[in-house]
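Enquirer: As given, the protein sequences belong to chains A and B, one line each in that order. Counted from 1, the first sequence has number 294 at position 174 by this note's numbering; the numbering is strictly sequential. Counted from 1, the second sequence has number 776 at position 656 by this note's numbering; the numbering is strictly sequential. The C-beta atom is built at its ideal place from N, Cα and C for all residues, glycine as well.
There are 2 protein chains.
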Amino acid sequence: MSITRRELLQGAAIGGAGLVVGKVAFGGDATTTGDTALSGDVGKIAAERGLLDEDVIHAVKTFVAPGKPSMDSHLLFASGGHSGQILVMGVPSMKLMKVIAVFTPEPWQGHGYGADSSDLVMAAGTSAEGGAVSASRPKLGWGDTHHPALSETGGEYDGRWIYINDRANGRIAMVDLRDFKTKQIFDVPNLETSHGGCFVTQNSDYVHISTMQPTLTDRSKAESLITDYKNVMRGYSTFMAINQTTGRMEQERSFQIELPPYTQDLADSGKLVSDGYAFINSFNTEMAFGGNMEGRPPMEVGASKNDFDMMHIINWKLAEQVIKDGKFEMINGMRVIRLDVAVAEGVLHFVPEPKSPHGVDVSPDGNYLCVGGKLDPHVTIFGFDKILAAIESKDYEKLDEFGVPVLKFDSCVAGRVEVGLGPLHTQYDDKGYGYISLFLDSAVAKFSLGEPYFSGEEAFKLVDTLKVNYNVGHLVAMEGDTVKPDGKYLVALNKWSIDRFPVVGTLKPQNFQLIDLTGEKMELLSDTPIGIGEPHYVQSIRTERIKSWEVYPAGTNPLTMELDPNAVADGGQRVERTGTTVEAWMTVMRSQFMPDTLHVTKGDKVIVHLTNVEETPDATHGFAIPRYNINVSLDPGECATVEFIADAEGAFAMYCTEFCSALHLEMQGWMLVSV
Amino acid sequence: MSITRRELLQGAAIGGAGLVVGKVAFGGDATTTGDTALSGDVGKIAAERGLLDEDVIHAVKTFVAPGKPSMDSHLLFASGGHSGQILVMGVPSMKLMKVIAVFTPEPWQGHGYGADSSDLVMAAGTSAEGGAVSASRPKLGWGDTHHPALSETGGEYDGRWIYINDRANGRIAMVDLRDFKTKQIFDVPNLETSHGGCFVTQNSDYVHISTMQPTLTDRSKAESLITDYKNVMRGYSTFMAINQTTGRMEQERSFQIELPPYTQDLADSGKLVSDGYAFINSFNTEMAFGGNMEGRPPMEVGASKNDFDMMHIINWKLAEQVIKDGKFEMINGMRVIRLDVAVAEGVLHFVPEPKSPHGVDVSPDGNYLCVGGKLDPHVTIFGFDKILAAIESKDYEKLDEFGVPVLKFDSCVAGRVEVGLGPLHTQYDDKGYGYISLFLDSAVAKFSLGEPYFSGEEAFKLVDTLKVNYNVGHLVAMEGDTVKPDGKYLVALNKWSIDRFPVVGTLKPQNFQLIDLTGEKMELLSDTPIGIGEPHYVQSIRTERIKSWEVYPAGTNPLTMELDPNAVADGGQRVERTGTTVEAWMTVMRSQFMPDTLHVTKGDKVIVHLTNVEETPDATHGFAIPRYNINVSLDPGECATVEFIADAEGAFAMYCTEFCSALHLEMQGWMLVSV
């Protein structure tokens with residue numbers, strides 16, 4: 121057999137086309153398939169299934185063999201849009217590994233269904249000051265996640281935490297990547313909404329978020345928005361300080377910078393040479409506010425009049441010093457550098473950018489800022505060195521109407537590349553190329569950066585374009601937001617899928633398209649429907665950087681990540697009654713709750729401390745009480761507490777909601793509520 | 121070039137191993153890749169990625185080429201477990217097409233976040249009678265979906281509706297497959313919980329659901345569960361009548377059959393020869409109820425003492441006649457045939473089944489009922505012909521303690537096959553084989569049925585076993601629940617995944633393993649993590665049977681699927697104030713709301729009628745009001761109404777939550793709430 125194969129290989133070499141088949145070519149020992157039969161099988165199957173040659177190549181480029189998880193070299197963390205969650209997917213398999221519950225309650229994970237560890241997070245994420253709390257609306261029950269930001273050390277992902285903003289309500293959440301659970305939701309003062317302003321500074325000192333629509337500074341005067349927009353509305357750039365041990369955001373060490381009432385949009389952190397700076401796009405410098413049945417133009421017209429909007433350049437290290445010097449005001453619990461102070465201290469500069477931009481994306485070396493002005497067919501590439509020189513030499517075009525110095529466009533631009541229609545967002549590979557999404561063209565354009573990547577004629581050049589399907593929003597290249605991108609793959613986040621998937625209802629999925637970046641030309645590998653949510657921005661991380669726990673140390677409270685004082689081991693189970701409070705310390709294990717029976721009088725306060733005493737990975741149990749809206753997910757080692765008033769009488773079959781063993785169905789108990 | 125290829129083919133033929141490469145082998149015209157280069161590329165890529173020969177085969181067997189949706193020949197409808205939803209996936213791609221929001225609010229789909237069409241469904245799904253309604257718990261906010269049931273005509277799926285039960289709260293929901301939205305949640309009287317009893321009769325006359333844990337018949341006497349279990353607890357088999365036009369369940373035409381207080385578990389509908397019958401497994405015929413800290417055995421011990429439990433055989437066509445004859449009692453609004461009447465009228469029989477069974481699964485011809493008694497290493501195969509004969513000849517072993525006649529086991533069994541440890545659930549292919557999951561062995565066993573499929577020595581024989589990873593629960597073969605299964609693929613629903621995927625937190629995904637059934641031996645093709653929820657049961661349907669709408673007729677209310685009286689077209693937009701009510705008729709289109717400004721006084725009732733006037737597939741818009749917990753998804757043509765009290769003052773930036781156009785970010789308006 122091996123002789124035949126060798127002969128064939130030689131024959132192929134003679135044929136001149138480099139044909140390589142069999143064991144060597146297919147990498148590894150095939151125990152169940154013959155050497156030469158394989159090619160025949162592959163061909164036959166491909167033909168039967170209607171796969172073209174290129175499809176076979178793409179299949180082999182994307183297949184993750186069962187039981188070989190490391191073949192998914194990267195993970196994507198995608199915002200879930202108005203699902204309020206984060207999606208975790210593998211690359212190149214593009215399979216959905218987990219939906220992390222963040223702003224929206226999710227019972228499978230026991231997020232917001234009675235467990236103290238999640239209920240406390242969600243309750244703390246609604247501030248009364250923001251006007252959200254009322255009898256009908258005691259807490260915010262969903263979010264619109266837009267921009268995930270992985271924690272960084274030295275501009276590289278460190279796999280510790282991920283932050284994400286709620287575009288709807290101006291909040292920001294922190295997820296711990298030890299257990300992939302949401303530990304904090306922070307309702308940022310002075311922000312009503314936010315959008316693409318979420319990023320982490322290169323050593324995770326701060327997570328940044330800015331207003332999208334500006335905030336009405338006096339909420340008791342709503343109609344003043346119409347009469348006095350310029351004076352009563354303000355934007356805020358927010359630097360939330362990160363506790364380096366817990367990853368939590370700390371309000372008392374955080375600060376904001378007041379901004380004009382433009383619409384602050386996408387933002388990015390400086391890195392390496394530009395570390396210490398932040399860049400925020402804006403649009404609607406026209407300060408339009410709609411009124412299409414009141415004689416004013418709709419926003420889409422009113423906010424698109426100016427040829428240039430203003431990129432905000434913020435020197436946040438300088439802002440730190442301004443705060444240290446006490447030049448701030450305390451507004452709703454936040455230290456705010458007023459706009460005039462920010463200008464006077466040199467914290468804030470503007471540079472014009474082509475109208476209605478969507479992305480400002482900093483290159484791996486920190487020197488280039490690529491802006492897609494979505495109503496302009498170019499990507500405009502600013503040089504940070506040029507910006508810095510212009511700031512230092514006060515090379516101003518003018519002061520804007522709020523007194524902010526505006527740098528000269530021509531002094532700051534390093535290059536422009538005509539890429540196509542509707543440029544939005546740029547990602548980077550490891551070779552000095554940028555990839556920009558083209559919404560209107562439904563395409564991705566590849567272009568070269570300048571020095572030190574490319575020089576002369578080779579710099580700032582369009583080198584390839586690939587059609588995508590359809591209406592692409594953002595892109596993600598592997599670790600493409602970091603100082604050391606991996607290249608390899610690009611994912612196009614297409615907003616529309618139209619005819620790409622079986623029709624499963626009037627609401628269609630988004631389409632994530634995986635693109636191979638290893639060749640000279642981009643190559644479409646696969647389509648993937650997004651069956652839940654509407655991702656906006658994605659960050660990717662090398663899988664090996666994630667060091668998640670599989671099992672908690674016995675009795676861990678996920679909120680503190682420490683031993684819960686009410687955790688019990690075998691022998692510690694008990695029920696105590698004090699007045700009208702019934703308190704139980706319960707163990708949870710295959711296949712019983714202990715105690716499995718609770719005797720309660722209607723109206724009692726019931727407190728149940730649950731400890732999953734399992735030490736085996738995957739040995740998760742649930743704890744549900746029918747009719748009481750209670751469902752807790754208890755991962756191995758986890759401890760959680762449920763507290764409620766037993767206000768419905770009857771016999772309630774408490775049960776395990778996670779199929780845990782052959783006797784899972786027998787894992788139940790009774791809560792008996794008598795009158 | 122083609123000569124070289126031919127020479128190679130000849131060479132291969134001489135080699136005797138049937139090597140076929142190039143254009144012919146790879147099926148179709150390759151425009152971008154050379155004939156012979158391809159095999160070389162495939163081999164090189166496979167080697168680089170560490171794929172074995174068999175992996176390449178599996179890649180080619182499962183790859184769905186971009187832009188070729190019909191290559192996903194089947195769709196899976198999987199229960200989402202305690203996520204409360206339904207997952208729709210493609211086969212063989214195994215990609216997640218959609219999470220259908222059912223029992224749990226889901227903002228991406230606008231399910232339960234202010235739109236009347238979904239809020240009314242969710243509110244109607246909580247009956248006060250069930251004890252759920254209280255000040256702290258006005259409605260049930262999650263579910264534990266277990267068993268989906270696609271509508272059938274003549275025992276084949278017709279693609280109209282899907283039903284699914286809520287194991288936690290004993291409810292059942294209906295999803296319309298024209299738009300994949302939940303139209304009805306029905307809180308079934310006399311059921312507190314349910315489990316695997318959900319199925320549709322072969323012409324969708326009824327959807328069936330039974331109690332899991334029996335119901336305390338007098339909820340004011342909770343402690344009587346301990347003192348008098350046998351008398352105060354009862355099970356109920358429920359036949360919900362289906363309206364053949366709307367798919368809705370109609371309480372007034374439905375009925376229940378009272379059952380002993382065993383735990384009624386999985387059930388299946390008779391088909392063809394057994395049409396008119398229903399089969400329900402039971403366990404805990406011991407009537408244990410735990411009490412592990414009160415001197416009683418835990419359920420896992422107490423409910424596993426008897427060697428046999430009781431399969432329930434229900435003649436529901438006879439039950440229809442009994443109801444027609446008026447031999448029922450009305451209990452909580454349901455017509456109930458009492459247990460003694462059911463026995464006297466011949467509606468209910470038992471047959472012993474090996475202890476603690478999980479599945480009773482009817483074969484395609486309707487004659488075999490395969491039972492996996494999970495504490496017995498056999499699959500026990502009952503013959504419906506034998507059961508019928510035993511009933512007709514009153515071939516009773518005894519009457520059970522509730523007076524139900526128990527047929528003789530030996531008279532009803534057609535065959536038994538030793539399959540392995542922990543047999544749970546059987547699915548069928550198109551060739552007369554059954555496939556049963558083995559939870560304890562983490563395997564799937566393939567066995568042959570009897571006449572007319574196989575006879576003599578070939579019948580009732582174990583023919584193959586395949587290891588799966590790990591702890592397999594249910595299985596699904598393509599259309600494997602119908603009278604005409606497709607064979608082709610099997611999916612193993614593994615409860616644990618342990619080491620099969622990158623670790624993304626302490627809560628691990630389930631693992632759906634795709635298995636090829638076309639060969640003599642089962643062949644594992646791929647692993648797929650389930651990133652949201654915990655599927656229990658899955659039904660699969662040929663993709664071509666689904667005839668979903670892509671766009672609603674203009675102004676459609678998804679609840680009625682008819683023109684909404686408040687839908688408006690261009691020109692009909694307006695705002696009217698009546699006392700303290702502000703009512704707006706608003707159009708929604710790329711890229712504006714009209715009107716885009718609402719002027720409101722704090723405390724006003726605000727009613728907004730939203731019509732998406734788009735006619736283009738995928739042109740969905742959202743409508744969110746920050747801080748008000750409102751998010752509506754408006755698919756093209758859809759009309760929905762939002763009503764709320766404006767109890768928070770300020771300026772709220774209403775906006776579109778679905779990225780709809782290049783000027784999507786400009787699609788916003790303001791709600792101004794003044795004091």
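Can you tell me where the beta strand (DSSP E) holding alanine 773/A begins and where it ends?
Expert: 770 to 775
Enquirer: Would you kindly work out how many angstroms separate the C-alpha atoms of alanine 462/A and alanine 185/A, rounded to a whole number?
Expert: 55 Å
Enquirer: Identify, in the order they occur along the chain, each residue of the same chain with its Cβ nearer than 6 Å to the Cβ of proline 380/A, setting aside the five sequence neighbours on each side.
Expert: Phe522
Enquirer: Comparing C-alpha positions only, which one of Phe504/A, Ser213/A, Gly576/A and Met294/A sits nearest to methionine 242/A?
Expert: Met294/A
Enquirer: Of the residues Gly163/B, His267/B and Gly250/B, which one's Cα is nearest the Cα of histidine 656/B?
Expert: His267/B
Enquirer: Could you tell me which of Lys341/B, Glu378/B, Gly600/B and Ala179/B sits nearest to proline 334/B, measuring between CA atoms?
Expert: Glu378/B
Enquirer: Are there 16 or more other CB atoms within 10 angstroms of the CB of lysine 143/A, so buried, or fewer, so exposed?
Expert: Low confidence applies here, because lysine 143/A scores a pLDDT of 32, under 50, leaving its location unreliable; read the following figure in that light. With 16 or more neighbouring CB atoms inside 10 Å of its own CB, lysine 143/A falls in the buried class.
Enquirer: Any C-beta of chain B sitting closer than 9 Å to the C-beta of glycine 187/A?
Expert: By the rule that beta-carbons nearer than 9 Å mark a contact, glycine 187/A touches chain B.
Enquirer: Please identify, using Cβ separations under 8 Å, the residues of the segment 421 to 444 of chain A that lie next to chain B, in order along the chain.
Expert: Those residues of the segment 421 to 444 of chain A placed with their C-beta closer than 8 Å to a C-beta in chain B are Ala423 and Ser424, ordered along the chain.
Enquirer: Excluding the five sequence neighbours on either side, which residues of its own chain have a C-beta within less than 6 Å of the C-beta of glycine 135/A, listed in chain order?
Expert: For glycine 135/A, the pLDDT reaches just 30, beneath the cut-off of 50, and the residue's location in the model is therefore unreliable, although a value from the coordinates is still provided. Taken in chain order, the list of residues that qualify is empty.
Enquirer: Using a Cβ-Cβ cutoff of less than 8 Å, which residues in the same chain neighbour isoleucine 284/B once the five nearest sequence positions on both sides are dropped?
Expert: Ser199, Ile206, Val222, Thr265, His266, His267, Pro268, Ala269, Ile292, Ala293, Val295 and Cys318
Enquirer: Could you round the C-beta distance between cysteine 780/A and serine 668/A to whole angstroms and report it? I think they count as a contact, below 8 Å.
Expert: Contact doesn't hold; Cβ gap of about 21 Å is too wide.
Enquirer: With DSSP run on the structure shown, which of helix, strand or coil describes alanine 439/A?
Expert: If DSSP states are grouped into helix, strand and coil, alanine 439/A belongs with the helices.
Enquirer: Checking 9 Å against the spacing of the C-beta atoms, do valine 603/B and glycine 486/B come in under that value?
Expert: yes
Enquirer: Please classify arginine 257/B as buried or exposed, where buried requires at least 16 other C-beta atoms within 10 Å of its C-beta.
Expert: buried
Enquirer: Can you have a look at leucine 240/B and say buried or exposed, based on whether 16 or more other CB atoms are within 10 angstroms of its CB?
Expert: exposed
Enquirer: Would you say alanine 771/B and valine 733/B are within 9 Å of each other, going by their C-beta atoms?
Expert: no
Enquirer: Measure from the C-beta of aspartate 647/B to each C-beta in chain A and report whether the shortest distance is under 9 Å.
Expert: yes
Enquirer: For glycine 607/B, list the residues DSSP reports as bridge partners.
Expert: Met598/B
Enquirer: Quick one: what does DSSP say asparagine 677/B is sitting in, helix, strand or coil?
Expert: strand
Enquirer: Is there at least one Cβ from chain A nearer than 9 Å to alanine 233/B's Cβ?
Expert: The sequence as given places tyrosine at residue 233/B; alanine does not occur at that position. Taking Cβ atoms only, chain A reaches closer than 9 Å to tyrosine 233/B, which makes this a yes.
Enquirer: Can you tell which of Phe409/B, Ser374/B, Phe743/B and Ala288/B has the C-alpha that lies nearest to the C-alpha of valine 327/B?
Expert: Valine 327/B has its Cα closest to that of Ser374/B, out of Phe409/B, Ser374/B, Phe743/B and Ala288/B.
Enquirer: Against chain A, does serine 794/B count as a neighbour if the rule is that its beta carbon must be under 9 Å from one of theirs?
Expert: Residue contact check for serine 794/B against chain A: a CB pair falls below 9 Å.
Enquirer: Using alpha carbons as the reference points, say which of Gly639/B, Thr648/B, Leu558/B and Glu670/B lies closest to threonine 740/B.
Expert: Glu670/B
Enquirer: Hey, does alanine 782/A have any beta-carbon neighbour from chain B nearer than 9 Å?
Expert: yes
Enquirer: Give a yes or no on whether 9 Å exceeds the smallest Cβ distance from histidine 656/A to chain B.
Expert: Yes, because at least one Cβ of chain B sits closer than 9 Å to the Cβ of histidine 656/A.
Enquirer: So with Cβ pairs under 9 Å, would you call valine 208/A a contact of chain B?
Expert: For valine 208/A, the nearest beta carbon of chain B is closer than 9 Å to its own beta carbon.
Enquirer: Give a yes or no on whether the minimum CB-CB distance between glutamate 577/B and chain A is below 9 Å.
Expert: no
Enquirer: In terms of alpha-carbon separation, which member of Tyr233/B, Asn289/B and Glu226/B lies closest to alanine 252/B?
Expert: Asn289/B
Enquirer: Should leucine 519/B go down as buried or exposed, given a rule of 16 or more other Cβ atoms within 10 Å for buried?
Expert: With fewer than 16 Cβ atoms within 10 Å of its Cβ, leucine 519/B is classed as exposed.
Enquirer: Using a Cβ-Cβ distance under 9 Å, would methionine 294/A count as near chain B?
Expert: no
Enquirer: Going by C-alpha distance, which of Ser562/B, Pro309/B and Ala408/B is nearest arginine 455/B?
Expert: Checking every option, the nearest Cα to that of arginine 455/B belongs to Pro309/B.
Enquirer: Please report the distance separating the alpha-carbon of threonine 585/A from that of asparagine 591/A.
Expert: 15 Å
Enquirer: What are the boundary residues of the alpha helix (DSSP H) that lysine 528/B is part of?
Expert: Careful: lysine 528/B lies outside any alpha helix (DSSP H) and carries neither H nor E.
Enquirer: List, in chain order, every chain B residue whose beta-carbon is nearer than 7 Å to that of tyrosine 548/A.
Expert: Chain B residues near tyrosine 548/A: none, gap ~23 Å exceeds 7 Å.
Enquirer: Along the chain, where does the alpha helix (DSSP H) containing serine 237/A start, and where does it finish?
Expert: Per DSSP, the continuous alpha helix (DSSP H) segment holding serine 237/A begins and ends at 236 to 244.
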